[in-house]
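To start, the structure itself, in structure tokens.
Residue numbers (the numbering used here): 151 to 964.
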């Protein structure tokens, strides 16, 4: 939500800056032609526009952003009694870590895109805090050293001026030792502050008229709008300039109204009164008041305005033009943010080839095989065609992947129907997954063409197109605008982060067109996404109704995701229309990592009433089975897994970035045991990482080679120098392939051993790590203690580089 709001604020800031910039460039002409009142109305309209975080769209789609998917954790799904595991489907797109249970920490890479919205929000809060705190301090200080004006002549003059100006409302007249110039302050209960200065009767009348004009114009509220707009757009320097100009124009509009229809002598007297009344002060202390100094240049501008007797236009037509410009430019910027250049013929050919090749591999990945087998199939057959993000998601949860779900029919190919750019680097491709079976003239017959959508992006390092997201089902082509509008009736934020789409469908009755469809709502938070269920019939979708335990009926929004202490999951069990359940459960943990709460909601489909009804018995049964599944052994296994993960991250972090660690329990017998107070787990680790070094010279080993060569260069023969350069070039050639690219996945098997304390948790001080390697005493493999640290230090690597060149030089000298 915050990311989306920040994007909209940026968009509004960009579009409005164009208008502000043009007005500032034309300011000399505008000042000569239009009245100050017109000018400050223009600034006020622009400020209001800055506070509306959306832009109208003239054509094209709104910018599409793909939400980041947190590295969620997942726990086993307990089944209702007498059910088949194959009949229950965990259908939400998450990235589970199979060996880790809900007490695990969710792994999420924090990017600049994640930080900027937070920085913006903090900046806006600090901005407002600064000004409001200053206002509160000033007002308290002014009131502390003040007294109510009781002088009858001053009060009579004030009453007369209020009557002449047609001012209504109670304004308290106060003298304060903390103000140097007259002003009105206060939003709800305004007060007129006078300094302890003796003014002539004529000067006092002018001062009071001036301040009462501010009060009539509600200028304090106008300044508030300006400050709030400035706070929201604190990063935009043009907004600061606009606020300054607005304050100046507010004063000049007040001056113009007061001297309107008067002669030179009156204007001279008024100017002298202003000069005598205004003392230089710090504007930030009194920002929410009618006080304004603005500096010498601005005062000269005000005095010029006072003596300018020439008529100036009100600018109604021009004002309308400015409003139109703000709207049109905002719309253009909105469309510009989402309009991308057309694909070239070459790009279309490359994308078509990518999907052709990927389509031919679909039959080689059998989703119904054991999870670890499917994961290996995905890596073997899909790696050349998927982004690392999608590949890791499908490897961690193979149920999300495309592939073969039955022995017959099977997916044979992908037919591309259309493709378009949705933003600068992502292409949306619509097509069909063609399913075939044995038969027909050529030995195969097409049994179905299932709609599919692929999001493709170009890899920056290789320049090749890769698939970044994909889904295939009956409603893949469903009208996005219609689906979004329907989902927004349940959740107004639907579609704010990405396009909503249908994740999966289930028939209610065999052979019937009526089915249940799960809809991703295109919005969520840092660790959760939101979903709802729809009823599909005759290719149209409608929101499914749920009857809660209080009897209220209506659509229901489900959350799906996990963080360090909380996990919420959605699961569907669809044995038959009479036994179709939707489960929502949440597991909470306390600071000691113990389960503190489990909540379960189970809804059963009522075919007659066409509604999902809350089922208290199923909810309780599911909760009991969930509690049983979260036993002590699984908690200990998760703790051992987390200990290994933390150790690997700690050792990789000094040299690597973008570290990805996938741990699974080794399939051998007794890979996890708890015996005599000692827990042991054998874990298979798949590790991906990218070197932090951005160039070869940043690597300690290479730096050691280069430094050593320079230190002895003057003493070397030509043969020795050639030998040294050869070994350096060889190493550079080998190491250059690792710079800026993920290293090949590292596979290793570890054993983690630790004592278990009386509370059922591992004693972290007793954790030991072992790595499986070829035996040093014979054939086979054995576990050996993991070195601590796992990698050589920078000093050691530097010395190794020196030694490599030294050895080459010594050999060449023989």
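Glycine is no exception: its CB is placed at the ideal position from the N, C-alpha and C atoms.
Proximity below 7 Å, CB of residue 640 to CB of residue 682: Contact: yes.
Does the beta carbon of residue 908 fall short of 6 Å from some heavy atom of the ligand GTP? Among the ligands in the structure shown, none appear at all, so the ligand GTP cannot be discussed.
Kindly list the residues whose CB is nearer than 6 Å to the CB of residue 248, restricted to its own chain and excluding five residues on each side of it in sequence; keep chain order. The predicted position of residue 248 is uncertain, since its pLDDT is 27 and thus under 50; no value can be drawn from it.
Closest to residue 303 by C-alpha separation, out of 354, 265, 286, 880, would be which residue? Of 354, 265, 286, 880, the residue nearest in Cα terms is 354.
Would you call the segment 555 to 563 in contact with the segment 572 to 590, where contact means no fewer than 3 C-beta pairs closer than 8 Å? Judged by Cβ distances under 8 Å, the segment 555 to 563 makes contact with the segment 572 to 590, as three or more pairs qualify.
With a 10 Å radius around its C-beta and 16 neighbouring C-beta atoms as the bar for buried, classify residue 507 as buried or exposed. A residue is called buried once 16 or more other Cβ atoms fall within 10 Å of its Cβ, and residue 507, having fewer, is exposed.
Residues bridged to residue 697 by DSSP? Per DSSP, 703, 763.
Supposed contact pair residue 417 and residue 965 - C-beta distance, whole angstroms, cut 8 Å: Not covered by the structure: residue 965. The range shown for the chain is 151 to 964.
Start-to-end residues for the alpha helix (DSSP H) that takes in residue 171: For residue 171, the uninterrupted alpha helix (DSSP H) run begins and ends at 152 to 175, by DSSP.
Is the beta carbon of residue 679 sitting closer than 7 Å to the one on residue 710? Closer than 7 Å, so yes.
Which same chain residues, not among the five before or five after residue 194, have their C-beta less than 6 Å away from its C-beta? Cβ neighbours of residue 194 beyond the five flanking positions: 372.
Taking 8 Å as the cut-off, does the segment 874 to 891 touch the segment 837 to 854 (at least 3 CB pairs, one atom from each stretch)? Yes: the two stretches touch, three or more of their Cβ pairs being nearer than 8 Å.
From 736, 358, 821, pick the residue whose C-alpha is nearest to that of residue 716; which is it? Out of 736, 358, 821, 736 has the C-alpha closest to the C-alpha of residue 716.
Please classify residue 757 as buried or exposed, where buried requires at least 16 other C-beta atoms within 10 Å of its C-beta. Using a 10 angstroms sphere on the CB of residue 757, the tally of other CB atoms stays under 16, which defines it as exposed.
Could you check the C-alpha separation between residue 919 and residue 803 for me, to the nearest Å? Approximately 18 Å, taken between the alpha carbons.
Output needed for residue 433: all residues of its chain with C-beta closer than 6 Å, excluding positions within five of it in sequence on either side, in chain order. With a pLDDT of 42 at residue 433, under the threshold of 50, the predicted position of this residue should be treated as unreliable, and no value is reported.
Any idea what DSSP makes of residue 383, helix, strand or coil? Looking at residue 383 - three-state DSSP - the assignment turns out to be coil, as it is neither helix nor strand.
By the three-class DSSP mapping on this structure, what secondary structure does residue 178 have? The three-state secondary structure of residue 178, taken from DSSP, is helix.
Please report the straight-line C-alpha distance between residue 755 and residue 745, rounded to a whole angstrom. So the two alpha carbons sit approximately 30 Å from each other.
Hey, would you say residue 606 sits closer than 7 Å to residue 577, going by beta carbons? Yes, Cβ-Cβ distance for residue 606 and residue 577 is below 7 Å.
Tell me, which residues are paired with residue 897 by DSSP? DSSP lists 836 as the beta-bridge partner residues of residue 897.
Assign residue 750 to one of three DSSP states: helix, strand, or coil. DSSP places residue 750 within a strand segment (E or B) once states are collapsed to three.
Among all the DSSP beta bridges, which residues are the ones paired with residue 607? According to DSSP, residue 607 bridges with 576, 616.
Along the chain, where does the beta strand (DSSP E) that runs through residue 654 open and close? From DSSP, the beta strand (DSSP E) with residue 654 extends over 651 to 657.
Going by CA-CA distance only, name the one from 723, 718, 671, 666 that's closest to residue 695. Measuring from the Cα of residue 695, the nearest candidate turns out to be 666.
In this structure, what does DSSP give as the bridge partners for residue 315? None; residue 315 has no bridge partner.
Quick one: what does DSSP say residue 823 is sitting in, helix, strand or coil? Of the three classes helix, strand and coil, the one that applies to residue 823 here is strand, per DSSP.
Identify whether residue 621 lies in helix, strand or coil by the three-state DSSP scheme. Residue 621 falls in the strand class under three-state DSSP.
C-beta contact flag for residue 342 and residue 321 at 7 Å: Yes, Cβ-Cβ distance for residue 342 and residue 321 is below 7 Å.
Taking the alpha carbon of residue 870 as the reference point, which residue from 771, 422, 957 has its own alpha carbon closest? The alpha carbon of residue 870 has as its nearest neighbour, out of 771, 422, 957, the alpha carbon of 957.
Suppose you measure from the CA of residue 619 to the CA of residue 528; what does that come to, to the nearest Å? Here the alpha carbon of residue 619 sits roughly 15 Å from the alpha carbon of residue 528.
What first and last residue would you give for the alpha helix (DSSP H) that runs through residue 673? Element bounds for residue 673: not the alpha helix (DSSP H) but the beta strand (DSSP E), 665 to 674.
Specify the secondary structure class of residue 967 as computed by DSSP and reduced to three states. The question about residue 967 has no answer, for the chain in this structure spans 151 to 964.
Is the segment 898 to 912 touching the segment 758 to 765 in the sense that three or more CB pairs, one from each, lie closer than 8 Å? Look at the beta carbons and you see the segment 758 to 765 not touching the segment 898 to 912: under three pairs across the two are nearer than 8 Å.
I need the straight-line Cα distance from residue 553 to residue 393, nearest angstrom please. Residue 553 and residue 393 have their alpha carbons spaced roughly 59 Å apart.
Need the endpoints of the beta strand (DSSP E) that residue 931 sits in, please. Residue range 931 to 935 is occupied by the beta strand (DSSP E) that includes residue 931.
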